[in-house]
Amino acid sequence: MEGGPNIQEVEGTVDSSTNETEANSGWAFSCCDPRGTMHRFVALIFMCFLGFGSYFCYDNPGALQNELRQELNLTTTEYSLFYSMYSWPNVVLCFVGGFLLDRIFGIRLGTNLYMGLTLLGQILFATGVMFNVFWVMLMGRFIFGIGSESLAVAQNNYAVLWFKGKELNMVFGLQMSFARVGSTVNFLVMESIYRWVNKSYHGPEGLGIVLFVATLTCLISMMCALILGMMDRRAEVMLRRQETSRSEVVRLSDVIQFKATFWLISVICVSYYVAIFPFIAVAKGFLTSKFHLTDDTANVIISILYFLAAAVSPLIGLLVDKVGKNVSWIIFAISLTIGSHALLGFTNITPYVGVVFLSIAYSWLASSLWPLVSLIVPEYQLGTAYGVCQAIQNLGLAIFTIVTGTVVDHFGYTGLEIFFIICLSVALFTTILLWLLDMREGGMLNMTPGTRRQHQQKILSAEESDKEALLDGEASTSNENDGLHPSTDFQIRNRYLSRIGAPVSAGEA
Numbered sequence: 158m159e160g161g162p163n164i165q166e167v168e169g170t171v172d173s174s175t176n177e178t179e180a181n182s183g184w185a186f187s188c189c190d191p192r193g194t195m196h197r198f199v200a201l202i203f204m205c206f207l208g209f210g211s212y213f214c215y216d217n218p219g220a221l222q223n224e225l226r227q228e229l230n231l232t233t234t235e236y237s238l239f240y241s242m243y244s245w246p247n248v249v250l251c252f253v254g255g256f257l258l259d260r261i262f263g264i265r266l267g268t269n270l271y272m273g274l275t276l277l278g279q280i281l282f283a284t285g286v287m288f289n290v291f292w293v294m295l296m297g298r299f300i301f302g303i304g305s306e307s308l309a310v311a312q313n314n315y316a317v318l319w320f321k322g323k324e325l326n327m328v329f330g331l332q333m334s335f336a337r338v339g340s341t342v343n344f345l346v347m348e349s350i351y352r353w354v355n356k357s358y359h360g361p362e363g364l365g366i367v368l369f370v371a372t373l374t375c376l377i378s379m380m381c382a383l384i385l386g387m388m389d390r391r392a393e394v395m396l397r398r399q400e401t402s403r404s405e406v407v408r409l410s411d412v413i414q415f416k417a418t419f420w421l422i423s424v425i426c427v428s429y430y431v432a433i434f435p436f437i438a439v440a441k442g443f444l445t446s447k448f449h450l451t452d453d454t455a456n457v458i459i460s461i462l463y464f465l466a467a468a469v470s471p472l473i474g475l476l477v478d479k480v481g482k483n484v485s486w487i488i489f490a491i492s493l494t495i496g497s498h499a500l501l502g503f504t505n506i507t508p509y510v511g512v513v514f515l516s517i518a519y520s521w522l523a524s525s526l527w528p529l530v531s532l533i534v535p536e537y538q539l540g541t542a543y544g545v546c547q548a549i550q551n552l553g554l555a556i557f558t559i560v561t562g563t564v565v566d567h568f569g570y571t572g573l574e575i576f577f578i579i580c581l582s583v584a585l586f587t588t589i590l591l592w593l594l595d596m597r598e599g600g601m602l603n604m605t606p607g608t609r610r611q612h613q614q615k616i617l618s619a620e621e622s623d624k625e626a627l628l629d630g631e632a633s634t635s636n637e638n639d640g641l642h643p644s645t646d647f648q649i650r651n652r653y654l655s656r657i658g659a660p661v662s663a664g665e666a
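All residue numbers for the sequence shown refer to the working numbering, where the first residue is 158 and numbers rise by one.
So this is what it looks like as structure tokens:
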């Protein structure tokens, strides 16, 4: 599979510690050489802006809700289709997108293709609005959703390929920050852009122009995808990744062989995020109803949730990188989220307190949870794995967003907070199961970074010793018995992994 340099892996023919020393010996060398820390962080800038456009444009309908309904004469049901056409197809398609990323396209071509679909979808949506053609608007949102969700999978893949074993938790936190900034900036500026455009253009034409202005963010992200692809290609050539690449090939059937810990992470993902994003969707009504706030004040509080998450996510990610103990941090984050919802739902303490705690907890979980997938799933299956997580998350959000509205209609906002706490309790219980299962398998997910590196080095050393012993045994065995012994590195590695109880790769290409 093509991808970033991934020089942080324990395995490989290149001594990563030596490379790090050489790469950091001079500023220019570190900045321009793929082995250098500065070079990785230059790539990180483009990784972050890669998803900015899609997050900015995703909530364009939300920021212009009243204008779209009035100028286009849309019913509430028709307006809600802008989000439904985005979410429902991705229950399946982002999983397929992750598989195609691993098996067919590779990280560079796949990223460019998915970013291109995102850009095309936004252009079609803006065109449909400008000419008031409803089916074109829906087609645009459909294509935008396919590209955007698969792009998120590609973005995760890039992060793992370039930063696994180093600053990965911080990188996931920083990417989430840019995503949240994109969403928040959309809500803050789109109304102003509309008022400015509306001085010269009115009706659907004016709305279309506003959406075309928003499309510029996707164009910037497209440029970042192209530049990142060129950097990745250069790194691949300089580090000769193709010469040391393994022969494993991802298959759709590999999904059923994912470890139980992966599926527990997927359950945590769904049961946690249904208490975050559906809450944000109804937060304005909740805050104005329970705390008797004005609409403007409620919007400010919601913005605090996003902006604070954007500010603290990189710092929290850096802390998790240094300390490790990811599963323990997940338990802490879920517990803090439960406390936040309890404060908001059952006390009269100012909602600023609950929202601040909620924002910190949300950032902490994202920085701790998502990097765990790269510790469980082999690198060549990461696109598929993140696609599965994304698909499950989309399914959960699509269903529970509807459930949230039903709960509010029948039981009010107090009932909704009880529902959220129940979902978070499921997430907490599942995390405890994850911790227990991981402890039984060696405790890799909850180790400190130093202990994890030592553990991986022991596995690698034992694997090499076993390989040498097996090769020596083969040399002294008669030809007629050759078929009884592993004859390739892939088979030798699988034999060792089976001995230590580690997951064995599905097959060799």
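Even for Gly, the Cβ is constructed at its ideal location relative to N, Cα and C. Treat the numbers as computed from the prediction; the structure is a model and nothing was measured.
Under the three-state reduction of DSSP, which class applies to residue 481: helix, strand or coil?
Residue mapping note: residue 481 aligns to position 324 of the sequence shown, counting from 1. If DSSP states are grouped into helix, strand and coil, residue 481 belongs with coil.
Would you mind reading off the limits of the alpha helix (DSSP H) that contains residue 259?
Locating residue 259 in the sequence shown gives position 102, where the first residue counts as 1. Where residue 259 is concerned, there is no enclosing alpha helix (DSSP H), given that its DSSP letter is neither H nor E.
As a quick exercise: from 420, 429 and 416, pick the residue whose alpha carbon is nearest that of residue 598.
Here residue 598 refers to the residue found at position 441 when the sequence shown is read from its first residue. Of 420, 429 and 416, the residue nearest in Cα terms is 416.
Quick one: measure Cβ to Cβ for residue 522 and residue 511, integer angstroms, because I've assumed they're closer than 8 Å.
Here residue 522 refers to the residue found at position 365 when the sequence shown is read from its first residue. Here residue 511 refers to the residue found at position 354 when the sequence shown is read from its first residue. No, residue 522 and residue 511 are not in contact; Cβ-Cβ is about 16 Å, not under 8 Å.
Within its chain, find whatever has a CB closer than 8 Å to the CB of residue 362; leave out the 5 residues flanking it on each side and keep chain order.
In the sequence shown, residue 362 corresponds to position 205, counting from 1. Correct list, in chain order: 287.
If we count Cβ pairs, one from each stretch, closer than 8 Å, do we get three or more for the segment 588-602 versus the segment 421-436?
yes
In terms of alpha-carbon separation, which member of 301, 354 and 443 lies closest to residue 375?
Stepping through the sequence shown from its first residue, residue 375 is reached at position 218. Residue 375 has its Cα closest to that of 301, out of 301, 354 and 443.
Rounded to whole angstroms, what is the Cα-Cα separation between residue 419 and residue 514?
Taking the first residue of the sequence shown as 1, we reach residue 419 at position 262. Taking the first residue of the sequence shown as 1, we reach residue 514 at position 357. Each residue's Cα considered, the two are about 27 Å apart.
Going by DSSP in three states, residue 371 sits in which element: helix, strand or coil?
Numbered from its first residue, the sequence shown carries residue 371 at position 214. Note: residue 371 maps to helix in three-state DSSP.
Supposed contact pair residue 587 and residue 411 - C-beta distance, whole angstroms, cut 8 Å:
Within the sequence shown, numbered from 1, the residue matching residue 411 stands at position 254. Within the sequence shown, numbered from 1, the residue matching residue 587 stands at position 430. Between residue 587 and residue 411 the Cβ distance is about 23 Å, and since that is not below 8 Å, they are no contact.
Which residue comes first and which comes last in the alpha helix (DSSP H) that contains residue 508?
The sequence position of residue 508 within the sequence shown is 351, counting from 1. Where residue 508 is concerned, the enclosing alpha helix (DSSP H) stretches over 508-526.
Which residues in the same chain as residue 565 place their Cβ atom closer than 6 Å to its Cβ, once the five residues preceding and following it in sequence are excluded?
Counting from 1 along the sequence shown, the entry for residue 565 is found at position 408. Answer for residue 565: 573, listed in chain order.
Option in 299, 531, 493 and 532 with minimal Cα separation from residue 519:
The sequence position of residue 519 within the sequence shown is 362, counting from 1. Residue 519 has its Cα closest to that of 493, out of 299, 531, 493 and 532.
Quick one: Cα of residue 531 to Cα of residue 414, how far?
Position 374 of the sequence shown, counted from the start, is the residue given in the question as residue 531. Position 257 of the sequence shown, counted from the start, is the residue given in the question as residue 414. Rounded to whole angstroms, residue 531 to residue 414 spans 15 Å at the Cα level.
Report yes if the C-beta distance between residue 479 and residue 603 is below 7 Å; otherwise report no.
The count along the sequence shown starts at 1 and reaches residue 479 at position 322. The count along the sequence shown starts at 1 and reaches residue 603 at position 446. Their beta carbons are not under 7 Å apart, which means residue 479 does not touch residue 603 by this criterion.
At which residue ranges does the segment 228-316 contain complete alpha helix (DSSP H) runs of 4 or more residues, listed in the order of the chain?
With a minimum length of 4 residues, the continuous alpha helix (DSSP H) runs that stay inside the segment 228-316 are 233-244, 247-257 and 263-287.
What number of angstroms, rounded off, separates the C-alpha of residue 453 from the C-alpha of residue 442?
Start at 1 with the first residue of the sequence shown, and residue 453 comes out as number 296. Start at 1 with the first residue of the sequence shown, and residue 442 comes out as number 285. Those two C-alpha atoms are separated by around 12 Å.
Classify residue 447 as helix, strand or coil using the three-state DSSP reduction.
Taking the first residue of the sequence shown as position 1, residue 447 is located at position 290. Residue 447 sits in a helix when the DSSP states are folded into three classes.
Tell me whether residue 359 sits in a helix, a strand or coil according to DSSP, three-state version.
Against the sequence shown, residue 359 aligns to sequence position 202. Of the three classes helix, strand and coil, the one that applies to residue 359 here is coil, per DSSP.
With three or more beta-carbon pairs closer than 8 Å as the criterion, would you say the segment 234-241 touches the segment 255-268?
Counting Cβ pairs under 8 Å, fewer than three are found: no touch.
Which residues in the same chain have their Cβ closer than 7 Å to the Cβ of residue 282, if we skip the five residues on either side of it in sequence?
Taking the sequence shown and counting its residues from 1, the one referred to as residue 282 is at position 125. The residues are 294, 297, 298, 301 and 368.
Can you grab the Cα-Cα spacing for the pair residue 303 / residue 249, in whole Å?
In the sequence shown, residue 303 corresponds to position 146, counting from 1. In the sequence shown, residue 249 corresponds to position 92, counting from 1. About 10 Å.
Can you name, in chain order, every residue of its own chain whose Cβ lies under 7 Å from the Cβ of residue 337, other than the five neighbours on each side?
The count along the sequence shown starts at 1 and reaches residue 337 at position 180. If we look at residue 337 and ignore the five residues flanking it on each side, its Cβ neighbours are 463, 466 and 467.
Which first and last residues belong to the alpha helix (DSSP H) in which residue 544 is found?
Here residue 544 refers to the residue found at position 387 when the sequence shown is read from its first residue. Per DSSP, residue 544 belongs to the alpha helix (DSSP H) from 539-597.
Should residue 516 go down as buried or exposed, given a rule of 16 or more other Cβ atoms within 10 Å for buried?
Against the sequence shown, residue 516 aligns to sequence position 359. So residue 516 ends up on the buried side.
Please report the straight-line C-alpha distance between residue 613 and residue 316, rounded to a whole angstrom.
Here residue 613 refers to the residue found at position 456 when the sequence shown is read from its first residue. Here residue 316 refers to the residue found at position 159 when the sequence shown is read from its first residue. Rounded to whole angstroms, residue 613 to residue 316 spans 20 Å at the Cα level.
Report yes or no: do three or more beta-carbon pairs, one from the segment 268-280 and one from the segment 207-221, lie closer than 8 Å?
yes
Could you tell me the boundaries of the alpha helix (DSSP H) in which residue 217 lies?
Residue mapping note: residue 217 aligns to position 60 of the sequence shown, counting from 1. Residue 217 -> alpha helix (DSSP H) spans 217-220.
Please report the straight-line C-alpha distance between residue 545 and residue 436, rounded to a whole angstrom.
In the sequence shown, the residue the question calls residue 545 occupies position 388. In the sequence shown, the residue the question calls residue 436 occupies position 279. Rounded to the nearest angstrom, the two C-alpha atoms are 24 Å apart.
Decide if residue 509 is buried, meaning its Cβ has at least 16 other Cβ atoms within 10 Å, or exposed.
Numbered from its first residue, the sequence shown carries residue 509 at position 352. Exposed: under 16 other Cβ atoms inside 10 Å.
Go to residue 418, then tell me how far its alpha helix (DSSP H) extends in each direction, as first and last residue.
Here residue 418 refers to the residue found at position 261 of the sequence shown. 417-430 is the extent of the alpha helix (DSSP H) around residue 418.
Residues in the same chain with beta-carbon distance under 7 Å from residue 310, minus the five sequence neighbours each way, listed in chain order, please.
Indexing the sequence shown from 1 puts residue 310 at position 153. Excluding positions up to five away in sequence, the list reads 251, 254, 255, 258, 540, 543, 544 and 547.
Does DSSP put residue 604 in a helix, in a strand, or in coil?
Start at 1 with the first residue of the sequence shown, and residue 604 comes out as number 447. In the structure shown, residue 604 sits in coil (DSSP, three-state: anything other than H, G, I, E or B).
Comparing alpha-carbon positions, which option in 313, 280 and 327 lies nearest residue 472?
Position 315 of the sequence shown holds residue 472. Of 313, 280 and 327, the residue nearest in Cα terms is 327.
Would you mind reading off the limits of the alpha helix (DSSP H) that contains residue 530?
Reading the sequence shown from its first residue, position 373 is the one you call residue 530. Run containing residue 530: 530-533, per the alpha helix (DSSP H) assignment.
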